[in-house]
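**Q** Quick one: this structure, given as structure tokens, is what I'll be asking you about.
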DNA sequence: ATAATCACTACTAAAATAATCATATTTATC
DNA sequence: GATAAATATGATTATTTTAGTAGTGATTAT
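Residue numbers (the numbering used here), protein chains in the order written: chain A, 1 to 154; chain B, 1001 to 1154.
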């Protein structure tokens, strides 16, 4: 039941780009900039960003002052989409999506399959309802709360 | 977001023992018997059953006519318990339970952590509400349905 | 020109996974 | 008491996944 670093970093990178989004189309972020903000290894993040580009999540510009930017508006990118793209289908076990599954002679009669489907649906309901715009709103609320707590010395 | 074979086989083994439960305390199942029913590799299952014994889920008897049986009533064993015991904490990422997490400088301000908590809670709600008695009921309903479908040639 | 930056491919070390193997110990039954 | 059937335990292994690193090439603003 784990998300890998690959998926984690992908989400963080897109989140950084989302925070940075819209100021102007010229406004790209370099890999190293994103890596620094999210505390991620640069060369590993590079691979992830290139994958995200192929997936249509981000766009890139090469050369000096090049970098990455979101290919779509943050409200058009769902968290679940990114997870699925980076990690494969959201399902606790392969038999949920694929009918063929080694460990199961009787897929139709398998009660566990039903449970995994429930789990899958419930997880998908959460991550597919969340866009990166939602995340930004949450983030801003959080940092507002934090700063006001600081202000009043709570 | 995956369950491993270890966890999968553990659930299946306990389910077989649960189906077999209560007929008498003498009524144990051998590893090979369980393995056959669940289509699992015998020696791998052996390790899993021994782990489950240490975890207090099953009891064993050695020697001829030995084997395994549940240590508790099926209604006293939750699916979530077994998953946690075999796979570790149910959480998409380590930062949910543990405060220390390499990939995150700012755990408090991290919006993803909140999402993973939501996911975790929602998954736990499902698997912690399910006992092996529930599974048996589901299973019997299913096989009843199947046999009646056969009967009426649907 | 050149320096900064993305693009791509290949490689690698470590960990996890899914087992197998060998050997000991226990116990019902003949 | 011998034997066979079973669990108990620890070691070993093969494969895959993960999390990177390294190097080289292509592009472009200055």
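For each residue, glycine too, the CB sits at the ideal point set by N, CA and C.
#1: Would you mind telling me which residues of chain A sit closer than 7 angstroms to residue 1029 of chain B, beta carbon to beta carbon, in chain order?
#2: Distance check for residue 1087 of chain B and residue 1004 of chain B, CA to CA, integer angstroms please.
#3: Out of curiosity, what's the CA-to-CA distance linking residue 1034 of chain B and residue 1017 of chain B?
#4: Can you check whether the C-beta of residue 1103 of chain B is within less than 8 angstroms of a C-beta belonging to chain A?
#5: Determine the chain B residues that contact residue 74 of chain A at a beta-carbon separation under 8 angstroms, and present them in chain order.
#6: To the nearest angstrom, how far is it from the Cα of residue 1014 of chain B to the Cα of residue 53 of chain A?
#7: At a Cβ threshold of 8 angstroms, is residue 1195 of chain B touching chain A?
#8: Using only the heavy atoms of the ligand NAP, determine whether one of them is closer than 7 angstroms to the beta carbon of residue 1132 of chain B.
#9: Tell me whether the beta-carbon of residue 1111 of chain B lies closer than 8 angstroms to the beta-carbon of residue 139 of chain A.
#10: Give, in chain order, every residue of the segment 114-132 of chain A whose Cβ lies closer than 9 angstroms to some Cβ of chain B.
#11: Can you tell me whether residue 55 of chain A is helix, strand or coil according to DSSP?
#12: With distances taken from CA atoms, which of B/1031, B/1047 and B/1050 is nearest residue 1066 of chain B?
#13: From residue 56 of chain A to residue 1117 of chain B, what does the alpha carbon distance come to, in whole angstroms?
#14: When the cut-off is 8 angstroms and only beta carbons count, does residue 1062 of chain B lie next to chain A?
#15: Under a Cβ-count criterion, where at least 16 other Cβ atoms within 10 Å of its own Cβ denotes burial, should residue 1099 of chain B be classed as buried or exposed?
#16: Across the segment 67-86 of chain A and the segment 126-134 of chain A, are there enough close Cβ pairs to call them in contact, namely three or more that are closer than 8 angstroms?
#17: Measuring alpha carbon to alpha carbon, tell me which of A/125, A/8, A/114 and A/124 ends up nearest residue 44 of chain A.
#18: Taking Cβ-Cβ distances shorter than 9 angstroms, what residues in chain A pair up with residue 1033 of chain B?
#19: Quick check: the Cα distance between residue 36 of chain A and residue 42 of chain A, rounded to an integer number of angstroms?
#20: Using beta-carbon positions only, say whether residue 115 of chain A and residue 1137 of chain B come within less than 8 angstroms of one another.
#21: For residue 29 of chain A, count neighbouring C-beta atoms within 10 Å of its own C-beta (all shown protein chains included) and say buried if the count is 16 or more, exposed if not.
#22: Examine chain B for any beta-carbon lying closer than 8 angstroms to the beta-carbon of residue 1 of chain A, and answer yes or no.
#23: Roughly how many angstroms lie between the CA atoms of residue 1059 of chain B and residue 1068 of chain B, to the nearest whole one?
#24: Kindly list, in the order they appear in chain B, the residues whose Cβ is closer than 8 angstroms to that of residue 79 of chain A.
#25: Against chain B, with Cβ distances strictly below 8 angstroms, would residue 14 of chain A count as a contact?
#26: Terminal residues of the continuous beta strand (DSSP E) containing residue 1070 of chain B?
#27: Could you list which residues in chain B have their beta carbon closer than 8 angstroms to that of residue 19 of chain A, in chain order?
**A** So, to answer that:
#1: Result: empty, since nearest Cβ-Cβ is about 18 angstroms, beyond 7 angstroms.
#2: Going by C-alpha positions, residue 1004 of chain B is about 8 angstroms away from residue 1087 of chain B.
#3: About 8 angstroms.
#4: For residue 1103 of chain B, the predicted model reports a pLDDT of 48, less than 50, meaning its position is unreliable and no value from the coordinates is stated.
#5: Below the 8 angstroms Cβ cutoff, chain B contributes no neighbours of residue 74 of chain A, its closest Cβ being approximately 13 angstroms away.
#6: Approximately 45 angstroms between the Cα atoms of the pair.
#7: No answer is possible for residue 1195 of chain B: the residues shown for chain B start at 1001 and end at 1154.
#8: Here there are no bound small molecules, and the ligand NAP is not part of this structure.
#9: Their beta carbons are under 8 angstroms apart, which means residue 1111 of chain B touches residue 139 of chain A by this criterion.
#10: Flagged, chain order: 114, 115, 116, 118, 119, 120, 122, 123, 125, 126, 127 and 130.
#11: Residue state for residue 55 of chain A is assigned as coil, using DSSP reduced to three classes.
#12: It is B/1031.
#13: Linking residue 56 of chain A to residue 1117 of chain B through their CA atoms gives a straight-line distance of about 28 angstroms.
#14: No, no contact with chain A.
#15: Unreliable positioning characterises residue 1099 of chain B in this predicted model, as indicated by a pLDDT of 49, which lies under 50. The coordinate reading is nonetheless provided below. Under this definition residue 1099 of chain B is an exposed residue.
#16: Contact between the segment 67-86 of chain A and the segment 126-134 of chain A is present, because at least three Cβ pairs lie under 8 angstroms.
#17: The option with the nearest alpha carbon to residue 44 of chain A is A/8.
#18: Within chain A, no residue comes near residue 1033 of chain B; the closest Cβ sits about 15 angstroms away, beyond 9 angstroms.
#19: Looking at the two C-alpha atoms, the distance is approximately 8 angstroms.
#20: Contact flag unset, no.
#21: If you draw a 10 Å sphere on the C-beta of residue 29 of chain A, you find 16 or more other C-beta atoms in it, and that means buried.
#22: Closer than 8 angstroms to some Cβ of chain B, the Cβ of residue 1 of chain A qualifies, so yes.
#23: If I take the Cα positions, the gap works out to 6 angstroms.
#24: Neighbours of residue 79 of chain A in chain B, taken as residues whose beta carbon is under 8 angstroms from its own, are 1115 in chain order.
#25: For residue 14 of chain A, the answer is no, since every Cβ of chain B falls outside 8 angstroms of its Cβ.
#26: Note, residue 1070 of chain B: beta strand (DSSP E), 1067-1070.
#27: What residue 19 of chain A touches in chain B: nothing, since even the nearest Cβ is about 11 angstroms away.
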